[in-house]
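Contents: one structure, followed by commentary.
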Amino acid sequence: MPRIDAADGAEVMEPMDEVGLLGLWNEAMGDEFPLDGRLLSQQLALDTDPRRFFAYRDDSGRLIAAALAKMAARPGPSGAPPEKGYLSFIVVDRALRRRGLGSRLLAAAEDWLAGLGAESVCLGQDHYHFFPGLPVGGAFEAAGAFAAARGFRAEGEECDMIADLRDTRADAALATPPAGYEYRYYRRSDDAALASFAERCFPGRWAEELREAIAAGLRPADLVLAVEEDSGAVVGFSRIYDESSPVLGPGLYWRGLLGPDPGALGPIGVDASRRGLGLGMGLLRFCVGGLKARGVKNMVIDWTDLLGFYGKMGFTEWKRYTTMSAPLGQPRAAFP
């Protein structure tokens, strides 16, 4: 691979230098977001959106800065792919920041996305993402200022939440559903009812990711359903995970910080026409109890703003993110 001086254009790297990225990433932010080979390989293997990996190396060939850009290609709720791109991450060697590497990587990513027809770019939020937005606080304060200075605007906040299940009284057997419904694990015979529910109630991302997870080998024990007993209709679902799950869910991405026997949940959703019956909280209790029975200790629920809902089960804020986006195709200030 060519060795690129920082004064030149970023290297387009295909395939991605996974070993180099792991070293760069963990040196730069592994104390808060420790990346391992299993997660990186999974995200690259499962994602099908067009992507481009931009990078800089030093004179020895060591990776010193990198960015991953993606173009939305899966259908959104409208049935058509949104005209937007994603900046999955930008990471720069700690010792080489404030030298223009991040700015050049961002410019290269935005130019590529604009050339594909993207009208805007989001920080994170991509399919098989690493982050649902820009991490808040600590070492990421400078990243927030970097993004704001380059035209990104805050749109909202999302959180990852955590609970130690050893401190909960959750028991799946005590999660009593409303009369006429049941909570149970997914069966292959549920495929038609599940697909109908997902497309009707959660078209776009959740429906697509559910279909892809089943195709990738999702275990029945990692998908919980709320089912109407008489009709067999699926009216709610939740995905859950432990370390042995074939597909790592987002709540387990940073499991290096969670100690032994971590678990996770997300997404979880109920048919809007059945809300108000207590199905959602019952489904959550069933899932938490099921994971506790597996021996899960620390459990994470990712990418949510429903702090009050999950707080009823003892979950508290763990990590916070600001969702941000910027328009493309408009004049932007130049930065060194």
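At position 189 of the sequence shown the residue is numbered 188 (numbering that gives the first Met the number 0), and the sequence of numbers has no breaks. Ideal placement from N, C-alpha and C gives every residue a C-beta, glycine not left out.
What number of angstroms, rounded off, separates the C-alpha of residue i from the C-alpha of residue j?
| i | j | result |
| --- | --- | --- |
| E228 | C121 | 41 angstroms |
| W24 | A197 | 35 angstroms |
| V397 | Y240 | Past the boundaries of the shown model lies residue 397; the chain is included only from 0 to 335, so the question cannot be answered. |
| E211 | A107 | 30 angstroms |
| R186 | K311 | 29 angstroms |
| A191 | Y182 | 18 angstroms |
| D48 | M15 | 15 angstroms |
| E82 | G116 | 7 angstroms |
| A144 | A194 | 42 angstroms |
| G114 | M70 | 10 angstroms |
| G289 | A64 | 42 angstroms |
| V91 | V18 | 15 angstroms |
| A271 | Q41 | 32 angstroms |
| P177 | L209 | 25 angstroms |
| V11 | L43 | 16 angstroms |
| G203 | S87 | 19 angstroms |
| D304 | S59 | 44 angstroms |
Are the CB atoms of residue j and residue i within a distance shorter than 8 angstroms?
| i | j | result |
| --- | --- | --- |
| M132 | E157 | This sequence places Gly at residue 132; Met is not what is there. Yes, Cβ-Cβ distance for G132 and E157 is below 8 angstroms. |
| G328 | E118 | yes |
| P259 | K296 | yes |
| R96 | S324 | no |
| L104 | A220 | no |
| I89 | A54 | no |
| L247 | R56 | no |
Near residue i, what residues of its chain come up, given a Cβ to Cβ distance below 8 angstroms and the 5 sequence neighbours on each side ignored?
| i | result |
| --- | --- |
| E207 | R73, P74, H126 |
| R93 | E26, A27 |
| W317 | C158, D159, M160, I161, V299 |
Among the candidates the options, whose CA atom is the shortest distance from the CA of residue i?
| i | options | result |
| --- | --- | --- |
| P245 | A215, R199, P80, R103 | A215 |
| C286 | Y252, T167, S230 | T167 |
| V233 | P261, R103, G268 | G268 |
| D170 | T321, W317, L282 | L282 |
| L39 | F130, L257, L112, G231 | F130 |
| R273 | C200, L95, L305 | C200 |
| S230 | L305, Y180, G114, E242 | Y180 |
| Y320 | E31, A66, L209 | E31 |
| L20 | R61, G294, D46, R218 | R61 |
| M280 | G248, P261, G313, W302 | G313 |
| R336 | L305, P261, Y309 | Nothing can be reported for residue 336, as the shown portion of the chain is limited to 0 through 335. |
| D189 | A174, T175, L173, I213 | I213 |
| L276 | D35, G294, T175, E13 | T175 |
| L45 | S243, V135, L217 | L217 |
In its own chain, which residues sit with a C-beta less than 7 angstroms from the C-beta of residue i, not counting the 5 before and 5 after it?
| i | result |
| --- | --- |
| E109 | V120, L327 |
| Q124 | Y85, P131, G132, T322 |
| W111 | R51, A68 |
| A142 | L133 |
| F139 | L133 |
| P336 | Limits of the chain in this structure are 0 at one end and 335 at the other, which puts residue 336 out of reach. |
| R165 | K296 |
Quick one: what's got a C-beta closer than 6 angstroms to residue i's C-beta in the same chain, skipping five residues either side?
| i | result |
| --- | --- |
| V299 | D159, I161, G250, A263 |
| R149 | none |
| F236 | L224 |
| K278 | Looking at the sequence itself, residue 278 is Leu, so the reference to Lys does not match. Correct list, in chain order: A225, G235, V269. |
| W205 | P266 |
| D301 | D159, P249, G250, G265 |
Indicate whether the contact test is met: 3 or more Cβ pairs, each with one atom in the stretch 75–82 and one in the stretch 93–112, closer than 8 angstroms. no
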